[in-house]
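Contents: one structure, followed by commentary.
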Amino acid sequence: MSLGESILDHYELFLGKYIGVDKYTSGEYVIQLLGFDRTFKDCLTFASFGLSNYSNLINNSCEVIMPVDDDYDNCAVVFANALFYVLQQQMDFGRGTIIEGLDNIIADFSKRHNKTAIYFTEPYVLPEEFSKIEDHLKMYIAFFISEKELE
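Residue numbers (our numbering): 83 to 233.
Below, the structure written as C-alpha cells:
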C-alpha cells in the first residue's frame with residue numbers, strides 16, 4: 083500500500099467518508115484539501131493531502147486537519163495558503179507553529195471572523211491512534227485563533 087493510500091485509509095477510519103476534494107497550487111507546490119462533514123458537530127473538517135510530500139522542506143513528515151464552522155470556501159483558501167507559506171519559508175513545522183497575516187490572503191478575513199492567525203497543535207480532540215500513520219507520519223490539527231488568543 084502506498085503512503086497516499088495509507089493516509090486516505092487513515093482519514094476515512096477516523097474522519098469518515100470524504101465528501102469532496104479541491105486541489106491548490108502555489109508555484110511548484112501542490113496540496114489537496116479533502117472535506118469531511120461528520121467528524122465534528124456542525125463543522126466541515128478539511129484535511130491536507132500532499133503536505134507530507136514536502137517533509138524534507140519542513141523537517142516533518144505530516145498532514146494537517148482543520149475543522150471550520152462557517153465560510154468554508156474562504157477558510158479552505160486561507161488554510162491552503164498557510165500551508166504554502168510554511169513550505170515557501172521552509173519552516174521547522176510542528177506543534178506550536180503559528181501563521182499570522184490572514185488578511186494578506188483574503189482581505190478583511192480577520193475582521194469578519196475575529197481570527198487573526200492559525201495555530202497548529204497535536205490532534206488532542208481525536209483518539210490517540212489518529213496522531214500517527216505508519217509510525218512515522220504525524221498528524222496535526224489547526225485552529226483559527228483571535229489576536230487575544232495569540233497573546
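Backbone N, C-alpha and C fix where the C-beta goes; we use that ideal spot for every residue, glycine too.
Would you check if the distance between the CB atom of K220 and the CB atom of C144 is smaller than 7 Å?
-> yes
Burial state of M148, where buried means 16 or more other Cβ atoms lie within 10 Å = buried
Would you call the stretch 83–102 and the stretch 172–186 touching, i.e. three or more CB-CB distances under 8 Å?
-> no
Decide if K214 is buried, meaning its Cβ has at least 16 other Cβ atoms within 10 Å, or exposed.
-> exposed
Exposed unless 16 or more other CB atoms sit within 10 angstroms - verdict on S228 = exposed
Assuming A129 contacts L116 under a Cβ cut-off of 8 Å, what Cβ separation, rounded to an integer in Å, is found between them?
-> 5 Å
DSSP state of L115, grouped into three classes?
-> strand
Quick one: grab the DSSP three-state call for F166.
-> helix
Label N141 either buried or exposed according to how many other C-beta atoms from any shown protein chain fall within 10 Å of its C-beta, with 16 as the threshold for buried.
-> exposed
Test item: CB-CB of F166 and S88 under 7 Å | no
Classify S84 as buried or exposed, calling it buried when 16 or more other Cβ atoms lie within 10 Å of its own Cβ.
-> exposed
Take E216 and list the residues in its own chain whose beta-carbon comes closer than 8 Å to its own, dropping the five residues that flank it on each side.
-> L85, S88
Which ranges would you report for the beta strand (DSSP E) in the stretch 168–197 if only whole runs of at least 3 residues count?
-> 180–182
Whole-angstrom C-beta distance between Y136 and L90, which should lie under 8 Å = L90 to Y136, Cβ: 18 Å. No contact.
Cβ pair A162, I200 closer than 7 Å | no
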